[in-house]
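**Student:** Below is the structure I would like to discuss, written out as structure tokens.
Number of protein chains: 2
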Amino acid sequence: MSGPLEGLRVLDLGTRIAAPFCAGLLGEQGAEVIKIEQPGAGDFMREIGPFLSVDGPDGEEGYSLFWAVEGRGRSSVTLDLRREAGQDLFRRLAATADVVVENFRPGTLEKWHIGPGDLDPKLVVVRISSFGQDGPYSQRPGLDRVGIGYGGLLNLTGYPDRPPVRVGVTISDYLTGVFAAHAAVSALYARDARRSGGGAVIDAALYGAALRILEWTVPAYDRLGLVRTREGNRLANSAPLDNYPTADGKYVCIVAGSDANFARLCRAMDQLDLLDDPRFAKLADRAEHGDVINGIVAEWTRRLPAAAVEEACVACDVPVATAYTAADMFADAHFAHRGDLVEVDDPVAGPMRQQAPFPRVVGEEVPVPTGAPRLGEHTRDVLGGLLGLSEAELDQLADDGVV
Amino acid sequence: MSGPLEGLRVLDLGTRIAAPFCAGLLGEQGAEVIKIEQPGAGDFMREIGPFLSVDGPDGEEGYSLFWAVEGRGRSSVTLDLRREAGQDLFRRLAATADVVVENFRPGTLEKWHIGPGDLDPKLVVVRISSFGQDGPYSQRPGLDRVGIGYGGLLNLTGYPDRPPVRVGVTISDYLTGVFAAHAAVSALYARDARRSGGGAVIDAALYGAALRILEWTVPAYDRLGLVRTREGNRLANSAPLDNYPTADGKYVCIVAGSDANFARLCRAMDQLDLLDDPRFAKLADRAEHGDVINGIVAEWTRRLPAAAVEEACVACDVPVATAYTAADMFADAHFAHRGDLVEVDDPVAGPMRQQAPFPRVVGEEVPVPTGAPRLGEHTRDVLGGLLGLSEAELDQLADDGVV
């Protein structure tokens, strides 16, 4: 893909989501991304569902659609980093690169003699982990849920009368990936635009990404002793505000807490008499009678399909959102106009719609990523082309199981 | 603050969260950030809770801790952009800047003659909005909940037997902010390192940021017709895995779906006999008997405080996380070691702990942002210093209500 980072090369040593996502975002800005995978196995994302049934060499097999998204926009080279020959090849590849992204447990690259100290200091090395590169928990195993747990986002999400609920996607993985991409490009800016000459080693911990977006939670404890917890969809000091059920089994989120929006909503519901009810006169009154006013709004939404609720709210300038499913997105005029669902040509599964690169640049086409590569699809091209290995050398490496 | 973007200047025209957060992240990488606020009112974040009681000119008043976090790391200049004199001064300020970040409804800057077409094309202009700069919904009002609603994240979060639940923080705001910061620095890289000369206009929509991280949701609908929905904390194909209650009223998330982690968990619980139970032999067996095995784990956690559950799991290398509150973070050795809670010196409220800038650079101190500025605190310094306005001119502007 073309883009502002064209000409830069990124080595993606990551598995699962956070680190490969970071590398992929650099790719969506124009960098070349080469994924390094363990021979035979490859990224774990290749093995988790949902699966599409495709023709394989031994008949029908399952192809991971999760991999199809997270693996896109890069080439795949197999290299056994647990072996010296693989480590040597990696160091040679890194000498041609600008960024390395990895998410092994802290210390693993060093054990393999391919840590930042073994590589050119001009490299930007992005190290993603659950708990960071140092500290008492740094060697603990972790996953996205560990990130949202320690990072405090888990405890804030859900209903007060139930256990906290995870965010529906692996949010600390994605957050960490994009924060790390931002920091990596900033480091490249210093190196190449300000000519600092040096790279940087970025330490991005899953729990830290969640913590960074925790709003006022930390100072409110420090200065008020307030231990924030989850509130569901409503807020104690604002109403009406909730996700309301509709006649067609969907949910619409209506945000009409402010006096101005409440008046607009009354017009949208054609219930202007509510404005004369002293229980709903001001924000504080409505908050006090939150169950009543939220109940009245729910009664209205229950009689209508989501599209009709939306239309009435939009006509009166009330903030509204249907809780969209993929089916809603595929049918939506705005998504179609904006080209939010791009067709990616997957080498195994053929064309499939995926979420577009984000954000976009005004006046430029939304770039379309290449499909997720087959395991080792580019091993020979990359090791031959970039490192000048001969066919015979490549055959030997393959025989030895190094690639 | 020093950092890789030192020497760059960012004008923050934003209000609320997404756009100011984007500007602040550029600041945490070293750029100078100047916030432009409406005289008299300023950013809405100054007016929302939770509030700390402080001494004001007219006695006790409430100071927004949300503002203290989101407003940090920048100076404040008041400027009425609805008036020609304010617009003129803004264009002169923009001529000294590298980045402008804004989140007015699309078309507003143009109406005020300060849109990208009125400014130097070398600028990077980040435009954040609910629905993007074009398309049928672009003029609709919106907020974070609209972003997660249309972006599909809302529908995926929560329990299957309840309405979808919002993520506990304004996640589409934060996500959009960091994606936009990444894109802005990439555009600066092209301009200054690759000497493309030109800036860029970045169109970042709240719903698009949520959509981008939707995992496999889009292709699964496209190729399998699968309409994904929320699953709570458990997964249909994996167990044990849940947020379990503890004796001290907390919740611990334990992830032990895989055969290896399940065996470790049985050791942690000192219930090795479970490994011989055919109902729990393999992942698929445990998934089939998910209620039973999750119930057994919950029975164990209910007898222990969260710290003891954690300790037992960590000793056996089982991924575990307590759903941390702020109180847990303040008491945590890892947070202390890593310096995750920095002391920011707020000009109104004095020192307070806040979440640290993220991510960090290995070998460098975590930078400490300056406290959130008082409204217009730097108006005279900036307009005098950068634009060379005289004291008399500044007095006149103040009298006219332009600043």
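Protein chains in written order, with our numbering: chain A, 13 to 415; chain B, 13 to 415. Where is the CB? At the ideal position from N, CA and C, for every residue including glycine. Nothing here was measured: the structure is a model prediction, and the numbers come from that model.
Determine the DSSP secondary structure at B:Thr334, reduced to helix, strand or coil.
**Tutor:** strand
**Student:** Out of curiosity, what's the CA-to-CA distance linking A:Val230 and B:Pro69?
**Tutor:** Here the alpha carbons of B:Pro69 and A:Val230 stand approximately 27 angstroms from one another.
**Student:** Which residue wins for smallest C-alpha separation from B:Pro381, given the options B:Ala320, B:Gly85, B:Ala193?
**Tutor:** B:Gly85
**Student:** In angstroms, rounded to a whole number, what distance separates the CA positions of A:Gly244 and A:Arg157?
**Tutor:** 19 angstroms
**Student:** State buried or exposed for B:Val239, treating a residue as buried only when at least 16 other CB atoms are found within 10 Å of its CB.
**Tutor:** exposed
**Student:** Using beta-carbon positions only, say whether A:Arg276 and A:Val326 come within less than 7 angstroms of one another.
**Tutor:** No, the pair does not count as a contact, with Cβ atoms beyond the cut-off.
**Student:** For A:Pro417, count the other beta carbons within 10 Å of its own beta carbon; 16 or more makes it buried, fewer makes it exposed. Which is it?
**Tutor:** The requested residue 417 of chain A is not part of the displayed model; chain A covers only 13 to 415.
**Student:** Would you list the residues sitting across from B:Thr90 in a DSSP beta bridge?
**Tutor:** B:Glu49
**Student:** Indicate the three-state DSSP secondary structure (helix, strand or coil) for B:Ile140 in the structure shown.
**Tutor:** strand
**Student:** Helix, strand or coil: which one does DSSP assign to A:Pro363?
**Tutor:** Reduced to three states, the DSSP call for A:Pro363 is strand.
**Student:** Can you tell me where the alpha helix (DSSP H) with A:Ser184 in it begins and where it stops?
**Tutor:** 183-204
**Student:** According to DSSP, simplified to helix, strand and coil, what is B:Asp282?
**Tutor:** Coil at B:Asp282, not helix or strand.
**Student:** Counting only Cβ pairs nearer than 8 angstroms, list the residues of chain B close to A:Trp312.
**Tutor:** Here the premise fails: no neighbours, minimum Cβ distance about 16 angstroms.
**Student:** Counting only beta-carbon atoms, is B:Ile214 nearer than 7 angstroms to chain A?
**Tutor:** yes
**Student:** Between the beta-carbon of B:Ala31 and the beta-carbon of B:Ile140, is there less than 7 angstroms?
**Tutor:** yes
**Student:** Would you report the Cα separation of B:Ile305 and B:Asp173, rounded to the nearest angstrom?
**Tutor:** 21 angstroms
**Student:** Tell me, which residues are paired with A:Phe63 by DSSP?
**Tutor:** A:Ser76
**Student:** When the Cα of B:Val190 is compared with those of B:Pro371, B:Gly180, B:Phe143, which residue comes out closest?
**Tutor:** B:Val190 has its Cα closest to that of B:Pro371, out of B:Pro371, B:Gly180, B:Phe143.
**Student:** Closest to B:Ala368 by C-alpha separation, out of B:Ser65, B:Gln145, B:Val354, B:Ser270, would be which residue?
**Tutor:** B:Val354
**Student:** At the level of alpha carbons, what is the spacing between B:Lys294 and B:Val267?
**Tutor:** 15 angstroms
**Student:** Kindly indicate if chain A contains any beta-carbon less than 7 angstroms away from that of B:Cys265.
**Tutor:** yes
**Student:** Leaving out the 5 sequence neighbours to the left and right, which residues in its chain are closer than 6 angstroms to A:Glu72 when beta-carbon positions are compared?
**Tutor:** Ser65
**Student:** Taking the beta strand (DSSP E) that B:Cys34 belongs to, which residues open and close that run?
**Tutor:** From DSSP, B:Cys34 is part of no beta strand (DSSP E) but of the alpha helix (DSSP H) over 30-40.
**Student:** Report, in whole angstroms, the separation of the C-beta atoms of B:Ile60 and B:Val138, which I expect to be a contact under 8 angstroms.
**Tutor:** Rounded, the Cβ-Cβ distance is 23 angstroms, inconsistent with contact.
**Student:** Could you pull the start and end residues of the alpha helix (DSSP H) that B:Cys325 belongs to?
**Tutor:** Taken as a continuous stretch (DSSP letters only), the alpha helix (DSSP H) holding B:Cys325 covers 318-327.
**Student:** Which same chain residues, not among the five before or five after B:Ser208, have their C-beta less than 7 angstroms away from its C-beta?
**Tutor:** Here the set comprises Ala202.
**Student:** Could you tell me which of A:Gly98, A:Asn167, A:Arg28 sits nearest to A:Leu409, measuring between CA atoms?
**Tutor:** A:Gly98
**Student:** Comparing the C-beta of B:Asp234 with each C-beta of chain A, is any distance below 7 angstroms?
**Tutor:** yes
**Student:** Would you give the residue range spanned by the beta strand (DSSP E) that A:Tyr256 belongs to?
**Tutor:** 253-257
**Student:** May I have the straight-line CA-CA distance separating A:Ala199 from A:Gly170, to the nearest angstrom?
**Tutor:** 37 angstroms
**Student:** Answer yes if the region 179-188 of chain A comes into contact with the region 91-106 of chain A, meaning at least three C-beta pairs across the two stretches below 8 angstroms, and no otherwise.
**Tutor:** no
**Student:** If we count the other Cβ atoms within 10 Å of its Cβ and call it buried at 16 or more, is A:Leu121 buried or exposed?
**Tutor:** buried
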